[in-house]
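Since the structure comes first, as C-alpha cells, the remarks are kept for the end.
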Amino acid sequence: MSGIFIGMGTCGLATGAGKVKTAVEKWAQAHSMKLPITPTGCIGYCQVEPIMDVVTDGGVRVSYSNVTPEVADFILDETLVCKNYKLDGILGQFRGPKSPLPGVPFLDEHPYFKKQVKYVLRNCGVINPESLSDYKAAGGFQGLEKALGMGQQKTADEVLKSGLRGRGGAGFPTGKKWAMALANPSDKKYLICNADEGDPGAFMDRSILEGDVFSVLEGMMIAGFAIGADEGIVYCRAEYPLAIERLIMGIDMLRKEGILGKKVGKSGFQFDIRIKKGAGAFVCGEETALMASVEGRRGMPRPRPPFPAKSGLFGKPTIINNVETLANVSHIMREGAEKFASIGTATSKGTKVFALTGKVKNTGLVEVPMGMTLREVIFDIGGGIPNGKAYKAVQIGGPSGGCIPTEHLDIQIDYETLKTVGAIMGSGGLVVMDEDTCMVDVAHFFLDFITKESCGKCIPCREGTKRLYEIVESIVSPYSKMASEEENLLRFNKIMNMEELAQVIKDTSLCALGQTAPNPVLSTLRFFKKEYEAHIYDRKCPAHQCKGLLKYEIDTNVCTGCTACARKCPTQAIVGERKKAHYIVDEKCVRCGTCADVCRFGAVKVS
Amino acid sequence: MGNTDQAVLEKKKPLEEVVKKYPASRENLISILQEVQDAYGYLSRESINGIGRYLNLPASKIYGVATFYNQFKLNAPGKIQIQVCRGTACHVKGSFELLETVKRALGIDVGETTKDGAFSLETVACLGGCSIAPVITANGKFFGRLDKKKVEDLIAKWKQGGVEE
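What follows is the structure, encoded as C-alpha cells:
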C-alpha cells in the first residue's frame, strides 16, 4: 500500500514541511485516496529540505527533495497516478525487501550519502520517531535484552571492547567510565544523558533526539544497568522544544509499556528517566557544572578529582554520557562489539556524526567512519564551496576547537590526529569557511562567545579571556578610534603578549572551557598569521569582514546621483545633490553595507 | 517595578498554582523558574519573592541562579519575541548583519523591548538550525536561510499582523 513520509525535524519544519503535509492531505482528499502520512526525523540532508518520500503501490520508497506544496501535488500526480518516478529533485529509492524500481537510482548511491556509513543515524529520517513498534521492528530493545542477559560487568566490558569513546568531545572510553562507576558501591547511582548541546554549530544530538529518541532512551537504560543506577536524567537544552517533546512522549510510552519504572524481565533491573531542561549556559556541557545545574544551582564547575564516577550528583556516583554515545550503545549491544570495532581506525572506532555547515554546498548531518579525510567530507560529501569561491578553513570542535587550513585537509578524522593540528574532535561541528571569511573575525567571534559564557569562577578564564578579547578587539579597531598615540603603542604592546596570555589561560584554568578557550586564537594565529598582520600593521581586513577596518567610498565617476543610497542610509551619512555624484561622510557611516546593496551601478567601493 | 508586578497580578493563574507543579526543594529551582517564566513571560520581582517563600530560599540566591542562565528574563518581553542566532554557522553566513538589520528595523538593542511592547529582541548562542543558517525565531517559530532583505520583509509583515499566517 502506498504512503507518504515527510521529514519533519526542526530543519524540515522551518523550510515548510508543515505546508507540504497539508498539501498531501488535500491531495489525498481530492483523489479520495487513503494516504497515510508518517512524519519522520531528519535524514541529514538539510540542504534540500523539505524531503518527502513516496511509498509506491509495490512498497518501494522513493525520496524527493526541495518539496514545496505545489511540487508535492506534482510528485503525487506523477508517482501515484502516472507511475512515473524519475522526476526532478529525486534523491533515490530506498533499498528494501521489495524488488527495486527499474531505472531509478538508489538513495545510498546519491553523492551525498554514498560515502556515509549510517550506524547511529540509521533510523533518523527513516522510521516514525513517535512509534515504539517501528523502533522495535528496527531491532529496538534487543540491545537492552542482551545486556540484561550478560550482566553488568560483561556489558561494560562489551562496550569497552567495542572501543566506543565519548562523543561529547573529550573522547574518554565509555566502557572504562562505566567500569569505574560499577566498582564504586553505593545505595544510589545516577546516569545522566548530556543533551545540552551547547557547541554552536553542532546539532546532531538534537537530530537524534528528534528522529530516534528511543535509541537514546534504550542506551540510557543499558548504561544505567551497567553501572547499577536506578535513575536516569536527560539534561536537554530548552532551545530544543521538539526534542524535549519527543523525550516526554518517549518516556511516557516506555512507562506505559512497563519498560521504564517497573522491573524489566527476570533481572530485577528497574530504571526510570526524568527530564531536566537546561537554561542556556555553555559551561553546563562540563560534567561538574552540569551536575550543579541539575541540583538547581549556578552551573559552575568544581575541581576533579573526585570524579563524578566516585562522587557526582548529590554526592552519589554518577556517569554522564552524551546523546550520540548512548545511541551508539544501543546498536553496539544489539549487533556486538566486533561490528562496531570493525569500523574506524586503530584508536578511534566506529563512526562520527558531523554537522556540516557554513560555506559548503550541501549542509546537513553526515555520518562517516573514523579515519576518513576532511577533504572527503567537505568536498565529496559536502560538494565543496558554493559560488566558485576558494576554501579557506574549517572550524572543528566549536569554541574549544581549532581551524584547519587547506594544507591539512588530507588528515584523517580521529581523536589523535586532530590534536596534532591544534584542533579537537569536539562534538562534531564542522563550520566551513571560504575566502570571504576573516579568520581574525572568527577568533573575535569565539572570544566574544567565551567571555559571555565563562562562569566566572576561576580568574584565568574570567579575566584572561576578557583581556584576550580586548586585544583582538583592538586589532580590529581603526586608528581613528585610538584616543592617543600612547594607546596605539599600548596596542602593539598587548599584541606582543597575546600568545603568552593565551598559553597562561590554557595552562591555569579550572575546567575544560577555560583550558580550551584560547584555542580559536592560537589556531588562527598558527595558520593565518598573515591575516593578523594585515589587520595589525596595515589596519586592513583582506576578507572585508571586520567592520571597523572597512571604508565605504562612492566612485564619483560611476555614481549617477540616483539618490537610492542616500534614501536608504540609516544614518544619513550620504550627501549629494540629485543627478550629481554623492559622497559618504566617514564619521557618520556605520558600515552597514546598505548603500552597496542598493546601488545598481556598482559605484560603492569597499576597502 | 510597580507596573510589571501589576501585570503579574492580572494574569489568571496565581503564582502558588504555577510553582506547585514541583515539590518545594532546591533541586527544582531551575524547573520552577522555567515554569514561572512560561506562565508570565518573565521573572518579576514579585515572582522571585514568591518562589523564595515557596522554597525557603533568600531572593538573592534565586537572582544568582536566574542571572547565571541566558534563558531567564527579568523584564517583560514583547508580544513577539525575536531571537537571532549567533552560532558559528550563522555567524559565518552573516548573522551579524542580520542582527544589525533587525535592530535597525525595530529601533531597539539586544535585550530591549519596543516602546509599544510589540517586539523584543535577544540573541542566542545556537538554535541548532545550523544547516539552514542564518536562523532567527519569532515566538519559537524557526525562519531559516535568511538574508537582509528577507528579514526586513518578515519584520514588516509581523508589524502588520503577528507571526501566525
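So the protein sequences, as listed, match chains C and H. Residues 2 to 608 (this note's numbering) make up the first sequence, in order. Residues -15 to 149 (this note's numbering) make up the second sequence, in order. Just so it is clear, CB atoms sit at the ideal spot from N, CA and C, and this is done for glycine as well.
Residue i (DSSP reduced to helix, strand or coil)
i: VAL369(C); result: strand
i: ALA394(C); result: strand
i: ILE274(C); result: strand
i: ILE260(C); result: coil
i: ASN(-13)(H); result: With a pLDDT of 45 at ASN(-13)(H), under the threshold of 50, the modelled position of that residue is not reliable, and the figure given next carries that caveat. Reduced to three states, the DSSP call for ASN(-13)(H) is helix.
i: ALA356(C); result: strand
i: SER608(C); result: coil
i: CYS237(C); result: strand
i: CYS512(C); result: coil
i: ASN322(C); result: strand
i: VAL94(H); result: coil
i: VAL432(C); result: strand
i: ILE496(C); result: helix
i: PRO521(C); result: helix
i: SER134(C); result: helix
i: LYS350(C); result: strand
i: GLU149(H); result: Any reading at GLU149(H) needs caution, since the residue's pLDDT is 47, under 50, leaving its predicted position unreliable; the model's value is listed next. Here GLU149(H) sits in coil by DSSP.
i: ARG62(C); result: strand
i: PRO101(C); result: coil
i: ASP137(H); result: helix
i: TYR416(C); result: helix
i: THR466(C); result: helix
i: LYS125(H); result: strand
Nearest candidate by alpha-carbon position, reference residue i, set the options
i: ALA347(C); options: GLY337(C), ASN85(C), LEU366(C), PRO370(C); result: PRO370(C)
i: LEU523(C); options: MET250(C), ALA544(C), ASN498(C); result: ASN498(C)
i: GLN154(C); options: GLY229(C), TYR480(C), ALA203(C), GLU471(C); result: GLY229(C)
i: ILE223(C); options: MET250(C), GLU464(C), MET334(C), LYS311(C); result: MET334(C)
i: ARG298(C); options: THR289(C), ASN67(C), ILE38(C), ALA29(C); result: THR289(C)
i: VAL127(C); options: PHE446(C), ALA518(C), GLY457(C), VAL63(C); result: VAL63(C)
i: ALA8(H); options: PHE56(H), TYR53(H), GLY145(H), TYR38(H); result: TYR38(H)
i: LYS162(C); options: GLY176(C), ARG168(C), GLN30(C), GLY169(C); result: GLY176(C)
i: LEU357(C); options: GLY430(C), GLU287(C), ILE405(C); result: GLY430(C)
i: ASN33(H); options: GLN144(H), TYR24(H), TYR47(H), GLY78(H); result: TYR47(H)
i: LEU192(C); options: MET292(C), LEU375(C), PRO201(C); result: MET292(C)
i: SER312(C); options: VAL217(C), ALA184(C), ALA73(C); result: ALA184(C)
i: VAL473(C); options: ASP135(C), GLY262(C), THR352(C), ASP449(C); result: ASP449(C)
i: GLY17(C); options: GLU588(C), PHE75(C), VAL49(C), ARG275(C); result: VAL49(C)
i: GLY71(H); options: GLU198(C), TYR538(C), VAL586(C); result: GLU198(C)
i: MET151(C); options: VAL586(C), PHE270(C), LYS84(C); result: PHE270(C)
i: ALA310(C); options: LEU375(C), ALA180(C), MET426(C); result: ALA180(C)
i: VAL432(C); options: LYS458(C), GLY398(C), TYR416(C); result: GLY398(C)
i: PHE126(H); options: GLN67(H), LYS132(H), VAL20(H); result: GLN67(H)
i: ALA182(C); options: PRO242(C), PRO307(C), ALA424(C), LEU366(C); result: PRO307(C)
i: CYS12(C); options: ILE38(C), MET205(C), LYS189(C); result: MET205(C)
i: SER475(C); options: ARG492(C), LYS467(C), LYS390(C); result: ARG492(C)
i: ARG275(C); options: ARG256(C), ALA282(C), LYS267(C), GLY281(C); result: ARG256(C)
i: SER608(C); options: LYS569(C), GLY562(C), ILE555(C); result: ILE555(C)
i: HIS583(C); options: PRO571(C), GLY594(C), THR418(C), ALA604(C); result: ALA604(C)
i: ALA138(C); options: ASP508(C), ASP411(C), SER216(C), HIS32(C); result: SER216(C)
Cβ separation of residue i and residue j, assumed to be a contact under 8 Å, to the nearest whole Å
i: ALA73(H); j: GLY359(C); result: 5 Å
i: LYS277(C); j: ILE234(C); result: 6 Å
i: VAL94(H); j: GLU240(C); result: At roughly 17 Å, the Cβ-Cβ gap does not stay under 8 Å, so VAL94(H) and GLU240(C) are not in contact.
i: LEU327(C); j: GLY220(C); result: 3 Å
i: GLY42(C); j: PRO130(C); result: 5 Å
i: GLN117(C); j: GLU368(C); result: 5 Å
i: ILE451(C); j: ALA394(C); result: The pair is not a contact, with the Cβ atoms about 19 Å apart (cut-off 8 Å).
i: LEU133(C); j: VAL265(C); result: About 15 Å; that fails the 8 Å criterion.
i: ALA503(C); j: GLU287(C); result: Not confirmed; about 20 Å, so no contact.
i: PRO387(C); j: PHE447(C); result: The pair is not a contact, with the Cβ atoms about 24 Å apart (cut-off 8 Å).
i: LEU83(H); j: LYS57(H); result: Wrong, their Cβ atoms sit about 18 Å apart, outside the cutoff.
Handout entry: Whole alpha helix (DSSP H) elements within the stretch 140 to 187 of chain C, 4-residue minimum
Key = 143 to 151, 153 to 163, 175 to 183
Handout entry: Length-filtered (3 minimum) beta strand (DSSP E) runs lying within the stretch 62 to 92 of chain H
Key = 64 to 69
Exercise for the section: Below 8 Å between beta carbons is the criterion; list the residues of the stretch 46 to 64 of chain H that meet it against any residue of chain C, in chain order. Expected result: GLY48, VAL49, PHE52, TYR53, ASN54, GLN55, PHE56
Practice task
Check distances from the C-beta atoms of the stretch 108 to 119 of chain H to those of chain C and list, in chain order, the residues that come in under 8 Å.
Solution key: VAL108, ALA109, CYS110, LEU111, GLY112, GLY113, CYS114, SER115, ILE116, ALA117, VAL119
Problem - Residues of the stretch 236 to 251 of chain C whose Cβ lies closer than 9 Å to any Cβ of chain H, in chain order - result: ARG238, ALA239, GLU240, TYR241, PRO242, ALA244
Handout entry: Any alpha helix (DSSP H) of 4 or more consecutive residues that is wholly inside the stretch 286 to 344 of chain C
Key = 288 to 295, 324 to 336, 338 to 342
Handout entry: the stretch 418 to 429 of chain C: positions lying closer than 8 Å to chain H by Cβ
Key = none
Exercise for the section: Taking only beta carbons into account, state which residues of the stretch 2 to 32 of chain C come closer than 8 Å to chain H, listed in chain order. Expected result: THR11, CYS12, LEU14, ALA15, THR16
Exercise for the section: With a floor of 3 residues, list each beta strand (DSSP E) that falls wholly inside the stretch 547 to 591 of chain C, ordered by position along the chain. Expected result: 553 to 555
Problem - Interfacial residues, the stretch 2 to 22 of chain H to chain C, with Cβ spacing under 9 Å - result: SER9, ARG10, GLU11, ASN12, LEU13, ILE14, SER15, ILE16, LEU17, GLN18
Practice task
Scan the stretch 187 to 223 of chain C and note each continuous beta strand (DSSP E) run of 3 residues or more that stays entirely inside, going in chain order.
Solution key: 191 to 196
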